[in-house]
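Written out below as structure tokens is the structure these notes cover.
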Amino acid sequence: MVVFKYRRWTLLAPRLCCGCGETFQPQRRNQTYHSQACKQTAYYQRTKRNKNLLRNALVLPVLSLFPGIGLLDRAFEECGFTVVRGPDLLWGDDIRDFHPKPGHFGGIIGGPPCQSFSRLRYLVEYNGYETAPNLIPEFERCVSEAVPAWFIMENVEDAPLPMVLGYQVHSQLLNNRTHGGGVQHRIRRISFGTRDGRQLVVEAQEEPEEWAPAVCASGGIKPGVDRSRTPKANEMGYKTRAAFEEMRRLQGLPDDFELPEFSVKGAVKAVGNGVPLPLGRAIAKAVWQAMSPLEEEL
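The sequence shown: position 135 = 122 (the numbering used here), numbered continuously.
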């Protein structure tokens, strides 16, 4: 005797077609298109949109978030990019009040405040200070609103990867000395996001013979410590003109680079917080090569 077992069917809730946008009754749980024609139309529109983004990747200006004094901006400008500087707390602006419009920028660069993920944050908390808030979500929000073809997020080694819907992120650790050819040993996490999963290839360069230690923006003094009461503060010279000139040299800046609107102490901190210029140039060149479209892509 043959026993037939009937499968129990459940009626699925109506959903919107990802192609035409109309409501339809799905026959399968993973069905997202009303018909094969809608699926082909959506694929064509998505391909056309990605091609337009690719054409504008190196034509439209680059938006710089959290620019600081603009060291990373300077590196991208030297490599042929046009950079538009966004808001920064250093100049009295708040990123949370900034909403970029889509279609105006080919790429976005920036380094959100990284104190929350720095390995020195425990010293800050130990001395009774609060760490700066995590502003990576604000960076992600601006990317999702501006919809650029690519973005670069620079941060400390332990920083998480930015998560933006529709983008694939490739992250790597780059050394200013190894990949930029600078004199300072400084490692940064560089996250490169694109629509089609392109990767950032930064080739290692010949290291210079000169060695320089990695210096933080505080001039070597632990975070959270009152610098005016540090025993060896005067010997370290964090307030002196020589300290600014040394920080400027370590960051790869020219001798005529000045910050007249800052005090010497503030200038040392502002320069130290920036991306070393040699590393910035290497990143900018790699972005240009990665986003240069091939003939078959146009």
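By construction, the Cβ of each residue, glycine as well, lies at the ideal position given by its N, Cα and C atoms. None of these values were measured; they are calculated from a predicted model.
query: Burial state of histidine 21, where buried means 16 or more other Cβ atoms lie within 10 Å; result: buried
query: Neighbour-count burial assignment, serine 250, 16 or more Cβ in a 10 Å radius; result: exposed
query: Runs of beta strand (DSSP E) wholly within the segment 50 to 83 (minimum 3 residues, chain order); result: 70 to 72
query: For arginine 185, the three-state DSSP class (helix, strand or coil); result: coil
query: Strand pairing of histidine 302, partner residues [DSSP]; result: Absent from the structure is residue 302, since the part of the chain shown begins at -12 and ends at 285.
query: Given phenylalanine 179 as reference, the closest of Thr165, Gln155, Val170 once Cα atoms are compared; result: Gln155
query: Test item: CB-CB of leucine 50 and glycine 267 under 8 Å; result: no
query: Counted within 10 angstroms of its Cβ, other Cβ atoms place lysine 88 as buried (16 or more) or exposed; result: exposed
query: Best match in Leu152, Leu148, Glu193 for proximity to leucine 312 [C-alpha to C-alpha]; result: What is shown of the chain runs -12 to 285, which leaves residue 312 out entirely.
query: Residue environment, alanine 257, which counts as buried when at least 16 other CB atoms sit within 10 Å; result: buried
query: Status (buried if at least 16 other CB within 10 Å, exposed otherwise) for histidine 166; result: buried
query: Three-way DSSP call (helix, strand, coil) for arginine 2 in this model; result: strand
query: Residues sharing a beta bridge with tryptophan 275, DSSP; result: For tryptophan 275, which the question treats as bridged, DSSP gives no partner whatsoever.
query: Cβ separation of glutamate 132 and histidine 91, assumed to be a contact under 8 Å, to the nearest whole Å; result: Not really, about 10 Å apart at Cβ, beyond 8 Å.
query: For asparagine 162: DSSP bridge partner residues; result: Ile174
query: Inter-residue spacing [alpha-carbon to alpha-carbon] between leucine 161 and leucine 45; result: 23 Å
query: The segment 227 to 239 contacting the segment 139 to 146, beta-carbon criterion three pairs below 8 Å; result: no
query: Buried or exposed by the 16-neighbour rule on C-beta atoms within 10 Å, applied to proline 210; result: Confidence is the limiting factor: at proline 210 the pLDDT is only 42, short of 50, which leaves the residue's position unreliable, though a coordinate-based value still follows. Proline 210 is buried by the Cβ-count criterion.
query: Same chain only: Cβ atoms within 7 Å of lysine 26, ignoring 5 sequence neighbours per side; result: Gly6, Tyr20
query: Buried or exposed (CB count within 10 angstroms, at least 16 for buried), glutamate 125; result: buried
query: Cβ-based neighbour list, asparagine 43, same chain, cut-off 7 Å, excluding 5 preceding and 5 following; result: Gly93, Ala136
query: Glycine 168 versus Pro100, Leu264, Pro120, residue with shortest Cα-Cα distance; result: Leu264
query: Beta carbon of valine 70 nearer than 8 Å to that of proline 48; result: yes
query: Exposed unless 16 or more other CB atoms sit within 10 angstroms - verdict on valine 255; result: buried
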